[in-house]
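Residue numbers (the working numbering), protein chains in the order written: chain A, 1 to 462; chain B, 463 to 924.
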């Protein structure tokens, strides 16, 4: 078996085992879409020679590069990218801020939003997207295929539309909408699940416990179980949800989900900012996962998501950028940094949420939160070849010191994302030489500039 | 009078008056090192023609660029840049984390540190540095001159050395060290104050109230008053300081400084994380300024600096990155973002510390904190030509929407710093075409890589 690509002499972060798995002079060998060797460069070269692996088609000298697993954005709505910055520094962000614009996003703008978001994220080393769809759309699936990204499309089921805007009252749930979105979710599942040799793998996405009826909640769980799909759901995400749950069911969200047997290892909750400590423990102890979106929740709510208590209860926490409309960033480096900062703030303790933990949350723990830990999240033999190089010669990452080792801290606290020099997903190069290899970036930016007028005109969707 | 450089068709943020002074299609004309016209592009062109200003030597079409005053890092120790990431996620950062390495920084590494820091900062649009010297050194002053940056060198006076490491006890102050550093401060002042047509203007820097004797505190104030220099001082920056002040003087820091008539408009306090609410009000009401370092204090202490209460008391607050050794970043975009986030966290309110306020803190308020508001901090006729262009075509800043206006929010929450495309200081281009025009960046990085060994060796200064 020939080696398609050998990376050598890297600052290698395998993220295998405990800690960050640092190997000072490391190598990774890739054949097809899989990793076939990982370790010290000399050892890997010797092992490959001894195994008679034959020709090495391409060698990449990664001296001065950090080599990491591709970063994982475990919760994002790529379709909202064009709303970056339209709703900021305000109360009632969802109802008054983003929803009025969101509802007016034309299908073409939804795709441009996803393209813009993916451009930003890929250039910052994100290789896997837990993309929670807002608008179920086959065109988005086709973009996943062409762009080369790894995606968990989270197929949304919802029974609520603009009525949401009428605050305070119990929402009118729309059974027809619920049925239609459920059917569309199953249709997209049937057509795209497992596509591109498993690069596209769906999840079931009952939108939020207050956005669907009890009947639909059960139906989603049953369908997910039947098809072996994990579930991701916005959970305990705000006062509004708590109020709705108490009005409709006389229960808080977590007990309600528990009663419907949602709290199991196949379930990933997003946000949980409104969960109390007992509820955080209950979800973690059930083996469910959590995705926190520090940038988004910080700006939208001025709150710190419960990553630390969830971890203290033994749970696994991944990171999500949520969307450009609230966070303004779709950049896992940004999330790592904010997650570490917010942890320290929460505990008023600089040792809280250290850099190595944030890096794990952006990689292997994110993979667990998406149910993909057997395939990605660390650099190990047999896993998919999703990896990035980060050029340490940028001023922001200098100097690199071995003892005391400073590179983990600098990747988390100093890197901005633009130090990423190379991205491979599923064995395919998608970013190199400063350019995305699978998208016409200039065309995307130009179309955005031409169709989202910038000056002295009301934007079409506004 | 000819125009040396005319910027036109920019998204212009003048920062003049209240708010951010946005002009959708704006122009700035520069002659020599001064701004001679600012406003709507057509108006500026008409005014220049009517005034018979003659030839326009260079026109820069800034369509798709945000044009801003150069950013102001009002408190930074550039000489610690090589310590990036060596002391992280720990308690007792100063004593146990950074000081052991700092004391071993050879003079050449001190200069390399400053060069690295300035490279990072200039590329992120910082034009003015409140550089609090750790090691008084004429070579640093020469670097200021050659690099073209605007600097308030804050000339340090201190009477304490490695004894600091003995925690808990009252420090031994060293009168000889105080005398020597005071003399060196005055020598550097005499040689460099006002150099490069005022681009270098010194401040007096009694290091911290617990680092100098009462006698030296008074001497610094007298010298500053005699020479018309403002004072910057680390103030109420930690438990250790409070303990020392109470042991030595039976007083807390702010009453002690008040008693010595430090609290006046010529005084800028840095940090004040340990000041209580009454003390914050007292300092603000005296007309003294505050510089907060959110990135640094957040990582080092897990604390939120008192920017909001200081502003509520009517005070002016600038931003500082402090140093790479604790913050890991010397990037005012990063400080703007963290300042806004931390404000929202502090108040648990997403409307707290809005984007436009953060942008003012990074520009005009930073200028006030350095006593330079008559020269810089906004784009107004007669001010020095310190300005930056930020390319909005980066994915991180797309789209640009006029209504609802999203660019201020995106500059603060989305920009990473690397979107800066052009930097002019004092009428001189220092960054353009992706390269610093006044420094050999590759040579700096190469020397760092060669002299700060990265692998499997103890670093010399460690």
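Built from N, CA and C at the ideal position, the CB exists for glycine as well.
Distance between residue j and residue i (C-alpha atoms, nearest Å)
i              : j              : result
residue 292(A) : residue 271(A) : 5 Å
residue 308(A) : residue 135(A) : 32 Å
residue 917(B) : residue 409(A) : Bear in mind that a pLDDT of 42 at residue 917(B), under 50, signals an unreliable position, so the model cannot answer this.
residue 347(A) : residue 559(B) : 20 Å
residue 23(A)  : residue 7(A)   : 13 Å
residue 93(A)  : residue 322(A) : 14 Å
residue 898(B) : residue 584(B) : 8 Å
residue 18(A)  : residue 315(A) : 15 Å
residue 462(A) : residue 489(B) : Only weak support exists for where residue 462(A) lies, its pLDDT of 40 falling under 50; the value from the coordinates is given anyway. Spanning the two alpha carbons is a distance of roughly 28 Å.
residue 54(A)  : residue 4(A)   : 10 Å
residue 866(B) : residue 86(A)  : 6 Å
residue 56(A)  : residue 586(B) : 40 Å
residue 921(B) : residue 244(A) : A caution first: residue 921(B) carries a pLDDT of 45, below 50, which makes its placement in the model unreliable, though a value can still be read off. Taking the straight line from one Cα to the other gives about 59 Å.
residue 2(A)   : residue 48(A)  : 10 Å
residue 684(B) : residue 576(B) : 30 Å
residue 919(B) : residue 786(B) : At residue 919(B), the pLDDT of 42 sits below 50, so the modelled position is not reliable and the matter cannot be decided from this model.
residue 905(B) : residue 912(B) : 10 Å
residue 171(A) : residue 178(A) : 14 Å
residue 818(B) : residue 100(A) : 23 Å
residue 474(B) : residue 487(B) : 7 Å
residue 116(A) : residue 579(B) : 31 Å
residue 260(A) : residue 82(A)  : 36 Å
residue 609(B) : residue 892(B) : 8 Å
residue 255(A) : residue 701(B) : 44 Å
residue 740(B) : residue 814(B) : 21 Å
residue 441(A) : residue 60(A)  : 25 Å
Chain A contact residues for residue i, given Cβ-Cβ distances below 7 Å
i              : result
residue 910(B) : 398 and 399
residue 790(B) : 409, 410, 413 and 414
residue 907(B) : 393 and 398
residue 594(B) : What residue 594(B) touches in chain A: nothing, since even the nearest Cβ is about 20 Å away.
Under 7 Å from the C-beta of residue i: neighbouring residues of chain E
i              : result
residue 302(A) : In summary, chain E is missing from the structure at hand, where the protein chains are A and B.
Residue nearest to residue i in terms of C-alpha spacing, selected from the options
i              : options                           : result
residue 486(A) : 431(A), 393(A) and 339(A)         : Limits of chain A in this structure are 1 at one end and 462 at the other, which puts residue 486(A) out of reach.
residue 10(A)  : 284(A), 29(A) and 280(A)          : 29(A)
residue 90(A)  : 381(A), 302(A) and 372(A)         : 302(A)
residue 791(B) : 327(A), 31(A) and 337(A)          : 337(A)
residue 84(A)  : 878(B), 860(B) and 893(B)         : 860(B)
residue 611(B) : 682(B), 678(B) and 663(B)         : 663(B)
residue 842(B) : 669(B), 761(B), 520(B) and 529(B) : 529(B)
residue 203(A) : 370(A), 441(A), 146(A) and 354(A) : 370(A)
residue 749(B) : 736(B), 759(B), 727(B) and 762(B) : 727(B)
residue 470(A) : 161(A), 35(A) and 196(A)          : Within the shown structure, residues of chain A are numbered from 1 to 462, placing residue 470(A) beyond reach of any answer.
residue 300(A) : 59(A), 281(A) and 327(A)          : 327(A)
residue 811(B) : 359(A), 297(A) and 334(A)         : 297(A)
residue 793(B) : 514(B), 496(B) and 582(B)         : 582(B)
residue 184(A) : 320(A), 199(A), 198(A) and 205(A) : 205(A)
Per-residue contacts from residue i into chain B (C-beta, under 8 Å)
i              : result
residue 123(A) : 857
residue 355(A) : 550 and 551
Chain-ordered chain A contacts of residue i [CB-CB under 9 Å]
i              : result
residue 914(B) : 398, 399, 400 and 401
Residues that residue i contacts on chain A, provided the C-beta gap is smaller than 8 Å
i              : result
residue 605(B) : Under the 8 Å cutoff, chain A gives no residues; its nearest Cβ is about 15 Å from residue 605(B).
Partners in chain B for residue i, counting only beta-carbon separations shorter than 7 Å
i              : result
residue 135(A) : In chain order: nothing, as chain B lies at least about 18 Å away.
Using a Cβ-Cβ cut-off of less than 9 Å, give me the residues of the segment 535 to 555 of chain B that come near chain A, in sequence order. So the close ones are 543, 544, 545, 546, 547, 548, 549, 550, 551, 552, 553 and 555.
Output, in sequence order along the chain, the residues in the segment 393 to 407 of chain A whose CB is closer than 9 Å to any CB in chain B. Under the 9 Å Cβ criterion, the segment 393 to 407 of chain A contributes 393, 394, 395, 396, 397, 398, 399, 400, 401, 402, 403, 404, 405, 406 and 407.
Using 8 Å as the Cβ pair cut-off and three pairs as the minimum, do the segment 828 to 840 of chain B and the segment 582 to 592 of chain B touch? A contact between stretches requires three or more CB pairs, one per stretch, nearer than 8 Å, and the segment 828 to 840 of chain B meets this requirement with the segment 582 to 592 of chain B.
Could you list the residues in the segment 103 to 120 of chain A with a C-beta less than 7 Å from some C-beta on chain B, going in chain order? Residues 116, 119 and 120.
Any contact between the segment 329 to 349 of chain A and the segment 146 to 164 of chain A? By contact I mean 3 or more CB pairs, one from each, below 8 Å. No, the segment 329 to 349 of chain A does not touch the segment 146 to 164 of chain A.
At least 3 beta-carbon pairs within less than 8 Å: the segment 719 to 738 of chain B vs the segment 690 to 707 of chain B: The segment 719 to 738 of chain B vs the segment 690 to 707 of chain B: in contact.
Three-pair Cβ contact test at 8 Å for the segment 38 to 48 of chain A versus the segment 72 to 87 of chain A: Verdict: no, contact absent.
Can you pull out the residues from the segment 765 to 785 of chain B whose beta carbon lies closer than 9 Å to at least one beta carbon of chain A? Against chain A - using a Cβ distance shorter than 9 Å - the residues of the segment 765 to 785 of chain B are 765 and 766.
Sufficient close CB pairs (3 or more, under 8 Å) joining the segment 563 to 578 of chain B to the segment 433 to 452 of chain A: With the cut-off at 8 Å, the segment 563 to 578 of chain B and the segment 433 to 452 of chain A do not touch.
Check whether the segment 878 to 895 of chain B touches the segment 844 to 852 of chain B, taking contact to mean three or more Cβ pairs, one atom from each stretch, closer than 8 Å. A contact exists between the segment 878 to 895 of chain B and the segment 844 to 852 of chain B.
Near-chain B residues of the segment 413 to 439 of chain A (beta-carbon distance less than 8 Å), N- to C-terminal order: Along the segment 413 to 439 of chain A, the positions whose C-beta sits under 8 Å from a C-beta of chain B are 413, 414, 416, 417 and 418, read in chain order.
Please list, in chain order, the residues of the segment 474 to 486 of chain B that have any C-beta partner in chain A closer than 7 Å. Under the 7 Å Cβ criterion, the segment 474 to 486 of chain B contributes 486.
Residues, ordered as in the chain, of the segment 748 to 763 of chain B that lie near chain A by beta-carbon distance below 7 Å: Only those residues of the segment 748 to 763 of chain B whose C-beta falls short of 7 Å from the nearest C-beta of chain A are listed: 760, 761, 762 and 763.
Using Cβ-Cβ distances below 9 Å, what residues of the segment 193 to 227 of chain A are close to chain B? When CB distances to chain B are screened at a threshold of 9 Å, not a single residue of the segment 193 to 227 of chain A falls below it.
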